[in-house]
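Reviewing the structure listed below.
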Amino acid sequence: MKMELESIILPGVDSQRPIVIAGPCSAETEEQVLETARGLAAKGVKIFRAGIWKPRTKPGGFEGIGAEGLAWLKKVKEETGMYVSTEVATKDHVFEALKAGVDILWVGARTTVNPFAVQEIADALKGVDIPVLVKNPVNPDLELWIGAFERLYNAGIRRLGAIHRGFSSYDKKIYRNLPLWHIPIELRRRLPELPIFCDPSHIGGRRELIASLSQQAMDLSFDGLIVESHCDPDCAWSDASQQITPDVLDYVMNLLVIRDAVQTTENLSELRRQIDQVDEQVLELLAKRMRISKEIGIYKKEHNMPILQSPRYSEILEKRSKMGEQMELSPEFVKEILQEIHEESVRQQMIIMNE
Ligand code: PEP
Ligand code: MN
0 MKMELESIIL PGVDSQRPIV IAGPCSAETE EQVLETARGL AAKGVKIFRA GIWKPRTKPG
60 GFEGIGAEGL AWLKKVKEET GMYVSTEVAT KDHVFEALKA GVDILWVGAR TTVNPFAVQE
120 IADALKGVDI PVLVKNPVNP DLELWIGAFE RLYNAGIRRL GAIHRGFSSY DKKIYRNLPL
180 WHIPIELRRR LPELPIFCDP SHIGGRRELI ASLSQQAMDL SFDGLIVESH CDPDCAWSDA
240 SQQITPDVLD YVMNLLVIRD AVQTTENLSE LRRQIDQVDE QVLELLAKRM RISKEIGIYK
300 KEHNMPILQS PRYSEILEKR SKMGEQMELS PEFVKEILQE IHEESVRQQM IIMNE
């Protein structure tokens with residue numbers, strides 16, 4: 000679906016990268032909201048975030064202060080001049096937030112997964128002109144993410160933006176949510192006009208990771224960052240381990256290196272020509288490999304052999320990973336490529352078997 004989007008940059012907000020949205024995970028008390036907002040405003044942050052309704056994984060956690068907190072956001076606007084943003088998950092949230100003069104809405108990861116919920120929000124926004132940011136769904140499903148933009152677009156919303164907050168995984172190692180950067184990169188390719196924010200707080204789950212994730216996002220040409228910032232992070236009622244004070248936020252933002260050069264030097268274009276050639280060779284070799292594998296398929300069919308020969312496949316994986324390592328390719332990378340190639344070989348041989 001072709002979308003003609005309008006800029007989400009509000010008057011008075013610098014359009015230079017990164018556009019920064021910051022504020023606590025949750026609005027807890029009026030004092031906490033205002034103190035954090037004052038700290039952020041003093042550092043030049045122009046857009047404040049705070050969760051009013053919190054989708055928690057389990058009941059019993061802090062589920063948000065609710066509509067009462069909207070009055071505090073109003074105070075933030077009046078006192079600091081910042082724009083304010085919050086998460087909406089139902090039509091009632093939308094109505095309440097609009098009534099309170101919230102400037103930017105976002106759809107949370109647990110809502111984007113559900114087309115019914117997204118449609119309800121889209122319907123509630125018909126005829127309203129407000130920027131809406133959509134977090135990626137918790138599962139790595141780009142089409143579902145794009146579907147949410149389409150629903151909002153069809154409801155007349157033209158100021159859209161994406162927030163990459165990483166993807167849930169069973170196997171949590173370094174990150175709370177796996178970044179899977181190729182997904183927002185593919186989103187950029189599919190919807191080039193759509194601004195993309197990175198949420199290093201939720202990807203990392205730990206405050207130490209915010210700086211490096213933010214830098215990575217900048218190096219991947221993301222437009223903005225949405226960072227959780229709290230006046231007293233350790234005492235936060237939700238997501239305490241991933242929040243930073245306004246001072247630390249300012250420090251981290253000042254360390255970012257923004258590489259904005261678009262001009263390609265002669266050197267770069269020469270290197271790109273080399274890459275083009277290598278890619279062509281890679282494709283030719285892949286095609287050759289598939290031709291051989293189809294011949295094997297014909298042989299297997301004639302001799303009544305099953306397609307999948309597990310010992311052979313394991314041997315390939317093992318030998319090639321070792322070979323790759325000697326060539327300074329990471330074993331995971333080699334394994335992934337071989338798995339993809341093997342899958343395609345199997346698919347081709349299936350066609351032959353069923354001919
Ligand atoms: C949040 O922004 O506080 C939040 C709940 O995030 P997510 O929807 O990404 O989990
Ligand atoms: Mn949070």
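For the sequence shown, numbering that gives the first Met the number 0 begins at 0 and goes up steadily by one.
Heads up, the beta-carbon is just placed ideally off N, CA and C, and yes, glycines get one too.
Residue i Cβ short of 6 angstroms to ligand 2 heavy atom set
i	result
D198	no
C230	no
D238	yes
C24	yes
Start-to-end residues for the beta strand (DSSP E) that takes in residue i
i	result
I103	I103 to V106
A36	Looking at the DSSP string, A36 is not in any beta strand (DSSP E); the run it does join, the alpha helix (DSSP H), is E29 to A41.
A161	L159 to H163
Exposure label - residue i; buried when at least 16 CB within 10 Å
i	result
I291	exposed
A121	buried
K287	exposed
M322	exposed
C230	buried
T111	buried
N176	buried
Rounded separation between residue i and residue j - CA only
i	j	result
R150	E119	10 angstroms
K73	G65	14 angstroms
R48	F61	17 angstroms
R37	E265	48 angstroms
L69	E279	57 angstroms
L159	F221	14 angstroms
I173	N113	27 angstroms
L179	L143	16 angstroms
Q15	L248	17 angstroms
Any non-hydrogen atom of ligand 1 within 6 angstroms of residue i CB
i	result
K134	yes
A108	yes
H201	yes
R164	yes
G43	no
G204	no
G60	no
G50	yes
Span of the alpha helix (DSSP H) around residue i
i	result
S14	Segment: none, S14 is in no alpha helix (DSSP H) and carries neither H nor E.
Y152	L141 to N153
L337	P330 to M352
Y298	E265 to E301
I225	Element bounds for I225: not the alpha helix (DSSP H) but the beta strand (DSSP E), G223 to E227.
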